[in-house]
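Trainee:
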Amino acid sequence: MQTITRALLIGLMVLGVILMLTSATAQAAPPNSPPRAPHVAGDEFWGTFQSPIGVSGVGTVEVRAIAVDGDTIYIGGLFTSAANVTVNNIAMFRNGMWSALGSGLNDEVYALAVDTNHILYAGGKFYQSGDGLQPLYSIAKWNGSAWSPLGPGLAGWVLALVVDGGNNVYAAGTLTKTMDNLTTLTHIGKWNGSTWSAMGSGLDNATHDGYVNALAISGSNVYAGGQFTATGDNLTLLTRIARWDSGTWSALGTGFASTVLAIVADGAGKVYASTSGNEIKKWESGSWASLGSVNGAIYSLALDAGGMLYAGGSFSNIGSTTLRNVAKYDGTWHPLDGGLGGSPDSVYAIVPSGSRVYAGGHFGTSTGGATALNHVANWNGTRWGTFGGGMNGQVNALATFGNNVYAGGAFNSPATYLAVWDGFGWAGLDTLVETIVHAIAVDSSGNVYSDGFSGGLPGSIAGSVIKRWNAGTRTWTQLGSGADGQVRALAVDSGGTLYAAGDFVHAPNVLINQIVNRVAKLVSGNWAAVGNGVNNSVYALKTVGTNVYAGGMFQQVCGNSACNSGNTTANRIAVWNGSNWSQVGNGTGNTVMALAAIGTDIYAGGNFTNAFNPGGGNVGALYIAKWNGSNWATLGNGLNNWVWALASSGSSLYAGGDLTSANNTGGSVTVNHIAKWDGTNWSALGSGTNTAVFAVAAHGSTLYAGGTFTTAGGKPSSRIGRWMPPNYPLFLPLIQKAP
636 MQTITRALLI GLMVLGVILM LTSATAQAAP PNSPPRAPHV AGDEFWGTFQ SPIGVSGVGT
696 VEVRAIAVDG DTIYIGGLFT SAANVTVNNI AMFRNGMWSA LGSGLNDEVY ALAVDTNHIL
756 YAGGKFYQSG DGLQPLYSIA KWNGSAWSPL GPGLAGWVLA LVVDGGNNVY AAGTLTKTMD
816 NLTTLTHIGK WNGSTWSAMG SGLDNATHDG YVNALAISGS NVYAGGQFTA TGDNLTLLTR
876 IARWDSGTWS ALGTGFASTV LAIVADGAGK VYASTSGNEI KKWESGSWAS LGSVNGAIYS
936 LALDAGGMLY AGGSFSNIGS TTLRNVAKYD GTWHPLDGGL GGSPDSVYAI VPSGSRVYAG
996 GHFGTSTGGA TALNHVANWN GTRWGTFGGG MNGQVNALAT FGNNVYAGGA FNSPATYLAV
1056 WDGFGWAGLD TLVETIVHAI AVDSSGNVYS DGFSGGLPGS IAGSVIKRWN AGTRTWTQLG
1116 SGADGQVRAL AVDSGGTLYA AGDFVHAPNV LINQIVNRVA KLVSGNWAAV GNGVNNSVYA
1176 LKTVGTNVYA GGMFQQVCGN SACNSGNTTA NRIAVWNGSN WSQVGNGTGN TVMALAAIGT
1236 DIYAGGNFTN AFNPGGGNVG ALYIAKWNGS NWATLGNGLN NWVWALASSG SSLYAGGDLT
1296 SANNTGGSVT VNHIAKWDGT NWSALGSGTN TAVFAVAAHG STLYAGGTFT TAGGKPSSRI
1356 GRWMPPNYPL FLPLIQKAP
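Counting in our numbering, the sequence shown runs from 636 upward without gaps.
#1: Going by other Cβ atoms of all chains shown within 10 Å of its Cβ, with 16 needed for buried, is D839 buried or exposed?
#2: Curious, which full-length beta strand (DSSP E) runs of at least 3 residues does the region 1220-1306 contain?
#3: To which residues of the same chain is T1326 closer than 8 Å at the C-beta, ignoring the five residues directly before and after it?
#4: Have a look at V1030 and T889 and give me their C-alpha separation to the nearest angstrom.
#5: With a 10 Å radius around its C-beta and 16 neighbouring C-beta atoms as the bar for buried, classify G1348 as buried or exposed.
#6: To which residues of the same chain is T1132 closer than 6 Å at the C-beta, ignoring the five residues directly before and after it?
#7: Hey, K1015 and F1059 are a contact pair by Cβ (cut 8 Å); roughly how many whole angstroms apart?
#8: Quick check on G705: buried or exposed, where buried means 16 or more other Cβ atoms within 10 Å of its Cβ?
#9: Report, in whole angstroms, the separation of the C-beta atoms of T1235 and G1264, which I expect to be a contact under 8 Å.
#10: Looking at R1207 and V1227, is the spacing between their C-beta atoms short of 8 Å?
#11: So who's on the other strand from K916, going by DSSP bridges?
#12: Given this structure, state the Cα-to-Cα distance separating L1053 from I1075, to the nearest angstrom.
#13: Three-state secondary structure (DSSP) at F680?
#14: Would you kindly work out how many angstroms separate the C-alpha atoms of G1201 and Q1191, rounded to a whole number?
#15: Give the DSSP-derived three-state secondary structure of A661 in the structure shown.
#16: Let me know the secondary structure DSSP gives N1144 once reduced to three states.
#17: Can G931 and S951 be called in contact, C-beta distance under 8 Å?
#18: Whole beta strand (DSSP E) runs in the region 1046-1089 with 3 or more residues, listed along the chain?
#19: Excluding the 5 residues preceding and the 5 following W1267 in the sequence, name in chain order all residues of the same chain whose CB lies nearer than 6 Å to its CB.
#20: Do you know how far the Cα of K917 is from the Cα of R671?
#21: Starting from H997, follow its DSSP beta bridges and name the residues at the other end.
#22: Taking 8 Å as the threshold (C-beta atoms), are V982 and Y934 in contact?
#23: Quick one: measure Cβ to Cβ for S1287 and W1312, integer angstroms, because I've assumed they're closer than 8 Å.
#24: Using the three-state DSSP reduction, which class does T864 fall into: helix, strand or coil?
#25: Less than 7 Å between C-beta atoms, sequence neighbours within five positions excluded: which residues of the same chain meet that for T1181?
#26: What residue does the beta strand (DSSP E) around Q1218 start on, and which one ends it?
#27: Are A877 and A886 close, meaning C-beta to C-beta below 8 Å?
#28: Could you say if the region 988-997 and the region 1033-1042 meet the contact criterion of at least three C-beta pairs nearer than 8 Å?
#29: Indicate the three-state DSSP secondary structure (helix, strand or coil) for A901 in the structure shown.
#30: Within the continuous beta strand (DSSP E) that includes T707, where are the two ends?
#31: Would S773 and K760 qualify as a contact pair, given that the criterion is a beta-carbon distance under 8 Å?
#32: Does the beta-carbon of A851, which I'm using as the reference point, lie nearer than 7 Å to any heavy atom of the ligand GTP?
#33: Alpha carbon to alpha carbon, how far is E919 from L944?
Structural data, given as structure tokens:
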């Protein structure tokens, strides 16, 4: 009885938590949130892939500031949209999704900072909220739900912000006073949470048109840089850089002859500064030392936790090192891959955080155009990529390896036809793929194989050239010389042999126009026939050990290279054992579009409605069937429409396609283009996707789906979706019987 009572109490506590969570979920959405789709159980496990990539607007579009607060990234600048969300010059990125901060701000944002209470501060040339309802003169704070002013606000533009350990806010720019005329601020001021105060007499020049456009903080020291020559009362000479400590301004040596553009300080007395005179210098032990001559401007400087210096701007080299608008310094300057480009191109903000570096500015792509970025980018230590995002065209193929997901299809953003996802963003694979990608495979070393390339020998069609991307050297190598028909499938067997299949008959190799009849394997750099091939198109390949299963439209395995003698019946599915082709049972009644394996069981999906066993038995298999090595079997009572893609994860099978319902023995379930088979029953993945799924790939317990859809689980998901079910039970039993 005591055990039952304790279990009951635990159950009631769990119920209380569930009710609280339900109550929280039922609250009204914050202003400017996109309308919520009706909730379907399981939709919470779908991620979000918004489109288009980056930020956009009318006229000049640029990101001027970035601030990071835990897993939240804020950007500010001059833009109206982030992905497809109206944001008005400031936006938030969290959990792969862009969101608005209320109605935003009505003009450009130049500076952002976050305090220890997670309050965001924004400075710029705005004077009200984006909807015009809240006056916000040049500076504002966001508490997570609403914008509010800092006292009366400021006269002049805020170009720089920092927050100290006591959550005092320092603002600088072209400032002259508070908007109530009660406090004079000569280009810089301090907010203590309730009032503005001057910092001495401020900073100015002889013609009183100076400004401060850079701030940094280190301990009790505040560093300011810009276009000034003295304190506001002209009593202390400060040539464009100064330090505020204990209520007094002081010089850092002789300062600079040209405007200071950026400053960053570490905790050990080092200060780094860049100027409009193409300088980058370090202050240490009472003197300035050059870090190299820059052939342009550095607009942003930042230090990571290990002391690595990052620089962003508009330059192509520092000293003798070739760089493209971004660089890092550890005693020597290094490029960050090929940098960031476009025309014109500038990086205005650079912020390292954890293992990544975030950059914003006025740029379109990574250098070489491999990845579309649109003014904001993330560096993962190897390459530049997007902030989340989906594709702007159909996804045909998916493959996974390690922490990466590869997608190919008919898109040109975020990359041209082929892209890699690293868990945060998308990037191109170091080149421009030339035509639509239909097939991808990855070998055990992480090398990626893809069609979509041209440049084959005469007789090959555009896009039929297959190349291998070496994950270690990040270089592409052409494999063979193309084919005379479309490549539809690629697979690598356990021995590392690459197989290709599709509509082609010939593979025009360097020495011979090889007849392969729709299936080929790569041998010593050239394509070779796999037996004599098959008599019609192959749409799917699946390797199990060294066995290769092929599915498609074909009805025969060819008996000779001309495929006109000695042919044997295969009925749309066959297996190659390394020496010979053989039937899989007696095949299926119509086209096989997809293949998968769980252990030694083979699963086929397509537009068939029956499968044939070796003894002649007809199995009513609606669009999907399982081959156990001896016989075909149904999965429940099948599906109601075509299956285009299959993937397995552990003992689970996932099917994607045109299907909208799955049939269990006890009834049907709505599945909307994607479904899961657990060995006994079909189940839905929330509300599924809004149109067809053409590719699925499993990565541990996470499933990726690609196709033509724009929503998954009722959320924005542009042609790519991610299903992340929990690895723990959703509900605990409320009462357990005592043993």
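Ideal Cβ positions, reconstructed from N, Cα and C, are used throughout, including at glycine.
Mentor: Here's the rundown:
#1: Buried.
#2: Within the region 1220-1306, the complete beta strand (DSSP E) runs of at least 3 residues are 1227-1233, 1236-1241, 1259-1262, 1278-1284, 1287-1292, 1296-1299, 1302-1305.
#3: Cβ within range, chain order: H1308, G1342, T1343, F1344, T1345.
#4: When rounded, the distance between both Cα atoms is 59 Å.
#5: Counting Cβ neighbours within 10 Å, G1348 comes out buried, since at least 16 surround it.
#6: So the qualifying residues of the chain are K1156.
#7: According to the sequence displayed, residue 1015 carries Asn and not Lys. Contact between N1015 and F1059 holds: CB atoms are separated by about 7 Å, below the 8 Å threshold.
#8: By the 16-neighbour rule on beta-carbons within 10 angstroms, G705 is exposed.
#9: Going by Cβ atoms, the distance from T1235 to G1264 rounds to 6 Å, so yes, they are a contact pair.
#10: If you check the CB distance, V1227 and R1207 come in under 8 Å.
#11: In DSSP, K916 forms a bridge with A908, S925.
#12: The alpha-carbon atoms of L1053 and I1075 are separated by roughly 9 Å.
#13: Helix, per DSSP.
#14: Taking the straight line joining both Cα atoms gives about 10 Å.
#15: Because A661 carries a pLDDT of 32, less than 50, the predicted location of this residue cannot be relied on, and no value is offered for it.
#16: Residue state, collapsed to three classes: coil.
#17: Result yes, Cβ atoms of G931 and S951 sit closer than 8 Å.
#18: Within the region 1046-1089, the complete beta strand (DSSP E) runs of at least 3 residues are 1053-1056, 1075-1077, 1083-1088.
#19: Within the same chain, W1267 has close Cβ partners G1220, A1246, N1248, V1254, A1260.
#20: Below a pLDDT of 50, predicted positions are generally treated as unreliable, and R671, at 45, falls in that range; the measurement from the model is reported next regardless. For R671 and K917, the distance between alpha carbons rounds to 51 Å.
#21: Its beta-bridge partners are S981.
#22: Contact: yes.
#23: Right, their Cβ atoms sit about 7 Å apart.
#24: The three-state reading of DSSP puts T864 in coil, since its state is none of H, G, I, E or B.
#25: Within the same chain, and ignoring the five residues on either side of T1181 in sequence, the residues whose Cβ sits closer than 7 Å to its Cβ are D1128, S1129, G1130, G1213.
#26: It spans 1216-1218 - the beta strand (DSSP E) in which Q1218 sits, taken as one unbroken run.
#27: Yes, these two residues count as a Cβ contact at 8 Å.
#28: Touching, no.
#29: Correcting the residue type first, residue 901 is Asp in the shown sequence and not Ala. For D901, the secondary structure class from DSSP, reduced to helix, strand or coil, is coil.
#30: 707-713 is the extent of the beta strand (DSSP E) around T707.
#31: Between S773 and K760, the C-beta gap is smaller than 8 Å, which places the two residues in contact.
#32: You won't find the ligand GTP in this model; it holds no ligand whatsoever.
#33: Between E919 and L944, the C-alpha separation is close to 15 Å.
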